[in-house]
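Everything below concerns the one structure shown next.
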Amino acid sequence: MTMVDIEEFVARAAEILVNSRHAVCLTGAGISAESGIPTFRGKDGLWKKFRVEDLATPEAFKRNPNLVWEWYKWRMQLVYNARPNAGHFALVDLETMGILKCIVTQNVDGLHLIAGSKCVVELHGSIRRGRCIECDFKVTFDNPPETIPPKCTKCGCILRPDVVWFGEPIPSQSLNKALELFHKADVALVVGTSGVVYPAGYFPYIVKEKGGAVIEVNIDKSAITPIADVFIRGKAGEILPKIVDKIKLL
1 MTMVDIEEFV ARAAEILVNS RHAVCLTGAG ISAESGIPTF RGKDGLWKKF
51 RVEDLATPEA FKRNPNLVWE WYKWRMQLVY NARPNAGHFA LVDLETMGIL
101 KCIVTQNVDG LHLIAGSKCV VELHGSIRRG RCIECDFKVT FDNPPETIPP
151 KCTKCGCILR PDVVWFGEPI PSQSLNKALE LFHKADVALV VGTSGVVYPA
201 GYFPYIVKEK GGAVIEVNID KSAITPIADV FIRGKAGEIL PKIVDKIKLL
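Residue numbering for the sequence shown follows the UniProt record's numbering, starting at 1 and increasing by one per position.
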């Protein structure tokens with residue numbers, strides 16, 4: 001994709017967004033990777049001998065909560081050291097302009113909220129929270145917990161990371177809110193997701209089937225690309241600010 005192509009597609013995306021009534025954004029691991037957070041299945045030294053499925057399932061936690069928490073503590077440190085990037089801030093700008101109504105994210109790092117986005121649906125939960133396995137009490141961690149596993153201050157039982165694990169359903173409140181947003185949407189802005197994890201991968205199709213437009217920003221083609229009205233190959237932190245700048249000129 002040449003610079004001329006990118007500028008042309010950026011202009012088309014800006015025009016679609018400006019003329020939208022209800023634009024909703026779906027984000028995945030790609031936008032977080034630009035903040036230095038490795039993708040979920042990255043081959044990182046210390047944990048490469050473990051399969052993700054052996055660390056991010058209810059069964060794994062029941063079998064060895066300490067091991068699971070040690071892994072999450074390591075991941076939390078990466079997240080807590082990360083900062084939102086230009087892509088996150090561009091989405092804040094689109095929301096402030098009144099163009100973007102909400103973000104539905106598959107990421108658990110909380111960077112959209114830290115960047116300043118007001119409407120964010122965290123589909124898979126947040127690594128910054130713990131949830132009691134007994135009473136469901138939730139705790140927000142300012143830092144990764146020192147004691148492993150952390151204990152519930154209400155009932156004394158152990159906490160688990162407040163994220164959706166393999167084999168678990170997405171909490172109905174988050175799922176229903178996401179579905180409501182995409183059923184209302186006339187534009188889906190899809191950023192940095194493979195589109196293969198469901199139900200999130202289905203959301204852009206809802207918009208497309210209703211006659212809406214799909215804009216995709218991604219470093220590679222994805223399962224969403226075949227239905228995209230505009231596909232812009234590139235990093236979110238580079239492309240999204242270009243779209244915002246173009247909108248300001250319209």
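Where a beta carbon is used, it is the ideal one built from N, C-alpha and C, also for glycine. Treat the numbers as computed from the prediction; the structure is a model and nothing was measured.
With a cut-off of 8 Å on the beta carbons, I'd call residue i and residue j a contact; round off their distance for me.
i	j	result
I227	L189	Between L189 and I227 the Cβ distance is about 13 Å, and since that is not below 8 Å, they are no contact.
Q106	V187	Actually they are not in contact, since the Cβ atoms of Q106 and V187 sit about 19 Å apart, beyond 8 Å.
G192	G201	13 Å between Cβ atoms; not a contact.
D93	V217	At roughly 14 Å, the Cβ-Cβ gap does not stay under 8 Å, so D93 and V217 are not in contact.
V68	F61	5 Å
I219	G30	6 Å
A86	P241	5 Å
Does the CB of residue i have a neighbour CB from chain D at under 8 Å?
i	result
H183	No chain D is present in this structure, which holds just one protein chain.
Considering Cα atoms alone, identify which of the options is closest to residue i.
i	options	result
S117	K101, G130, I127, G125	K101
L138	G130, P145, P144	The residue asked about is misnamed: residue 138 is Lys in this sequence, not Leu. Among G130, P145, P144, the Cα nearest to that of K138 belongs to G130.
L111	L91, V4, E8	L91
K154	F203, T27, D136, K210	D136
I16	G98, T140, M1, D229	D229
G237	L26, F9, H88	H88
E180	A23, A14, V10, F9	A23
R75	A115, I114, A33	A33
In the DSSP assignment, find the unbroken beta strand (DSSP E) run with residue i in it and report its ends.
i	result
F61	Run containing F61: none in the beta strand (DSSP E); it sits in the alpha helix (DSSP H), 58-63.
residue 265	Residue coverage of the chain in this structure runs from 1 to 250, which leaves residue 265 outside it and unanswerable.
I215	213-218
E122	120-122
L26	23-27
L100	100-105
V18	Per DSSP, V18 belongs to no beta strand (DSSP E); it is in the alpha helix (DSSP H), 3-18.
Is residue j closer than 8 Å to residue i when the C-beta atoms are compared?
i	j	result
V119	E95	For the sequence presented, residue 119 should be read as Cys rather than Val. Taking 8 Å as the Cβ cut-off, C119 and E95 qualify as a contacting pair.
V108	V121	no
F182	I206	yes
S35	P84	yes
N66	I6	no
Starting from residue i and walking both ways along the alpha helix (DSSP H), at which residues does that stretch end?
i	result
I206	203-209
T96	86-96
Query raised in the report: Do three or more CB pairs link the region 120-134 to the region 155-167 at distances below 8 Å?
Result: yes
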